[in-house]
Ligand SMILES: [Zn+2]
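Residue numbers (our numbering): 2 to 497.
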């Protein structure tokens with residue numbers, strides 16, 4: 002403000018002058034604070050601006066309607082309740098079209114949507130036996146079932162009971178009408194969550210199903226405009242009807258062959274890598290053996306194995322510090338991608354996993370939900386550019402946060418902490434590939450003003466944060482930019 006303006010203001014009635022001073026101060030303050038978020042400052046060209054304007058309108062319509070009637074704001078609600086409505090959202094439909102580059106946080110046997118999983122089970126219905134004991138469901142393919150359980154063919158269960166598919170579905174997913182009443186706390190939902198992996202293993206470890214499954218996963222993510230995946234996998238041994246079993250080395254080879262086959266017919270597909278993982282309830286020797294497997298496999302298939310991680314319920318599992326001697330031993334030879342801080346607890350072992358993940362030189366952090374409470378951890382994450390793999394729907398379904406507008410990622414984004422968006426286990430909650438999680442990230446974790454540039458930054462972050470080499474990242478980025486141009490053209494033409 003110059004001197005003459007100040008003099009004029011001093012001559013005005015006090016309240017009026019105060020008001021102008023106040024409004025100027027307010028503008029300065031909000032200007033400094035406004036939307037410190039991903040990509041907000043990039044200048045768009047004319048076409049991008051046109052597409053962006055359309056997208057912003059879709060967003061404003063949806064958000065503003067939600068402000069008037071909170072029940073219409075899908076992004077604040079539990080995914081189980083609003084999945085159908087999200088599929089009709091204009092914003093969601095644009096996000097589906099958007100080239101999302103890479104999935105960097107997902108678990109191998111929990112990636113295919115429930116719908117596609119059941120199509121797969123129907124395709125491989127022959128020889129699939131189910132046994133139910135104390136409401137625990139086991140599944141396995143046999144020519145002749147063994148005597149370990151009261152096995153009955155899936156077909157016979159279906160003949161006996163017209164609603165058997167619904168029963169089976171309820172054991173292969175967490176979806177219920179009333180999640181808050183069904184799952185009273187995190188311990189309860191994690192018990193069910195881990196049971197699903199166990200039921201699924203008998204189905205997915207059957208070699209013909211596994212091969213078809215992996216191909217379908219790649220197709221579903223590709224259709225969702227995801228070009229590259231890094232997936233946690235324990236490389237479970239496979240079996241066939243001749244009682245032959247395939248060890249983890251063979252499983253890696255089988256997976257690699259499927260990926261190569263997929264690549265030949267999908268020109269925009271950029272690749273797939275495995276983060277070898279094991280459960281955090283393992284004894285030290287089990288972890289050591291799996292780390293050695295990761296190392297051996299990465300020597301055999303250097304472009305296919307990204308590194309190593311420990312998975313499972315952090316609040317109940319062993320902390321990283323229990324395995325520190327082993328993890329230190331392998332730290333120079335393996336890249337780590339540790340789950341850490343996937344917890345609401347403050348000052349407990351799951352929360353302290355963040356310290357160990359950092360000290361063990363982790364490449365990225367799975368979730369990092371509790372990092373918000375640790376300024377020093379946040380500083381280190383930011384300085385060392387360690388991306389946090391944020392999985393919005395997973396955190397909501399597994400009860401870390403209810404309204405995703407309160408997710409710590411809001412804070413991480415505003416502080417410039419690098420994040421990528423993952424979908425963790427979309428199969429178990431009825432999400433498809435990655436778009437549902439991007440929808441929540443965009444609608445619940447960023448301020449009103451964010452637009453296509455936020456999505457662009459998420460995609461670019463996923464390329465930068467990947468385990469690809471520098472040269473590969475440049476090629477990937479250029480390929481992605483081509484897709485971005487196509488997307489802009491399509492969005493300009495889009496009629497919704
Ligand atoms: Zn995970």
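Backbone N, C-alpha and C fix where the C-beta goes; we use that ideal spot for every residue, glycine too.
Could you tell me which residues DSSP puts in a beta bridge with residue i?
i, result
"residue 277", "234, 309"
"residue 137", "134"
"residue 328", "Paired residues: none, contrary to the question."
"residue 103", "229"
"residue 210", "DSSP output for residue 210 lists no bridge partner at all."
"residue 390", "367, 421"
"residue 341", "368"
"residue 399", "Per DSSP, none; premise fails for residue 399."
"residue 1", "The chain is shown from 2 up to 497; residue 1 falls before or after that span and cannot be answered."
"residue 239", "247"
"residue 272", "229"
"residue 108", "233"
Of all the options the options, which has the alpha carbon lying nearest to the alpha carbon of residue i?
i, options, result
"residue 282", "314, 199, 101", "314"
"residue 34", "416, 235, 425, 64", "416"
"residue 100", "113, 143, 241, 229", "229"
"residue 330", "372, 289, 78, 179", "289"
"residue 449", "110, 76, 16", "76"
"residue 381", "392, 419, 390, 350", "419"
"residue 124", "191, 73, 205", "205"
"residue 255", "59, 213, 95", "213"
"residue 120", "43, 170, 88, 132", "170"
"residue 465", "247, 495, 422", "422"
"residue 199", "111, 294, 68", "111"
"residue 487", "22, 26, 48, 42", "48"
"residue 268", "165, 495, 484", "484"
"residue 242", "57, 476, 145, 179", "145"
"residue 207", "64, 478, 165, 129", "129"
"residue 413", "390, 350, 428, 469", "390"
"residue 497", "30, 143, 88, 71", "88"
Nearer than 7 Å: is that true of the beta carbon of residue i relative to any heavy atom of ligand 1?
i, result
"residue 437", "no"
"residue 108", "yes"
"residue 425", "yes"
"residue 367", "yes"
"residue 501", "The requested residue 501 is not part of the displayed model; the chain covers only 2 to 497."
"residue 312", "yes"
Taking a contact to mean a Cβ-Cβ separation below 8 Å, would you say residue i touches residue j in this structure?
i, j, result
"residue 227", "residue 103", "yes"
"residue 474", "residue 467", "yes"
"residue 447", "residue 435", "no"
"residue 310", "residue 344", "no"
"residue 211", "residue 239", "yes"
"residue 126", "residue 156", "yes"
"residue 91", "residue 221", "no"
"residue 372", "residue 361", "no"
"residue 98", "residue 491", "yes"
"residue 161", "residue 150", "no"
"residue 153", "residue 122", "no"
"residue 249", "residue 109", "no"
"residue 106", "residue 392", "yes"
"residue 196", "residue 135", "no"
"residue 225", "residue 433", "yes"
"residue 405", "residue 445", "yes"
"residue 271", "residue 219", "no"
"residue 454", "residue 57", "no"
"residue 335", "residue 295", "yes"
For residue i, which residues in the same chain have their Cβ closer than 8 Å to its Cβ, ignoring the five residues on either side in sequence?
i, result
"residue 430", "80, 81, 174, 175, 176, 394, 395, 398"
"residue 186", "400"
"residue 363", "337, 338, 339, 341, 387"
"residue 291", "235, 277, 278, 279, 283, 309"
"residue 253", "236, 275, 298, 301, 302, 305, 306"
"residue 202", "110, 237"
"residue 209", "125, 241"
In chain order, what residues of the same chain lie with their CB nearer than 6 Å to the CB of residue i, ignoring the 5 residues before and after it?
i, result
"residue 458", "39, 40"
"residue 260", "273"
"residue 84", "431"
"residue 86", "75"
"residue 183", "177"
Closer than 7 Å by C-beta to residue i: which residues in its own chain qualify, once you throw out the five before and the five after it? Chain order, please.
i, result
"residue 358", "321, 339, 341, 366"
"residue 489", "48, 49, 52"
Compute the minimum distance between the beta carbon of residue i and the heavy atoms of ligand 2, and state whether it is under 7 Å.
i, result
"residue 398", "Only ligand 1 can be found as ligands here, which leaves ligand 2 out of the picture."
Using a Cβ-Cβ distance under 8 Å, would residue i count as near chain D?
i, result
"residue 269", "Among the chains in the structure shown there is no chain D, since it carries only a single protein chain."
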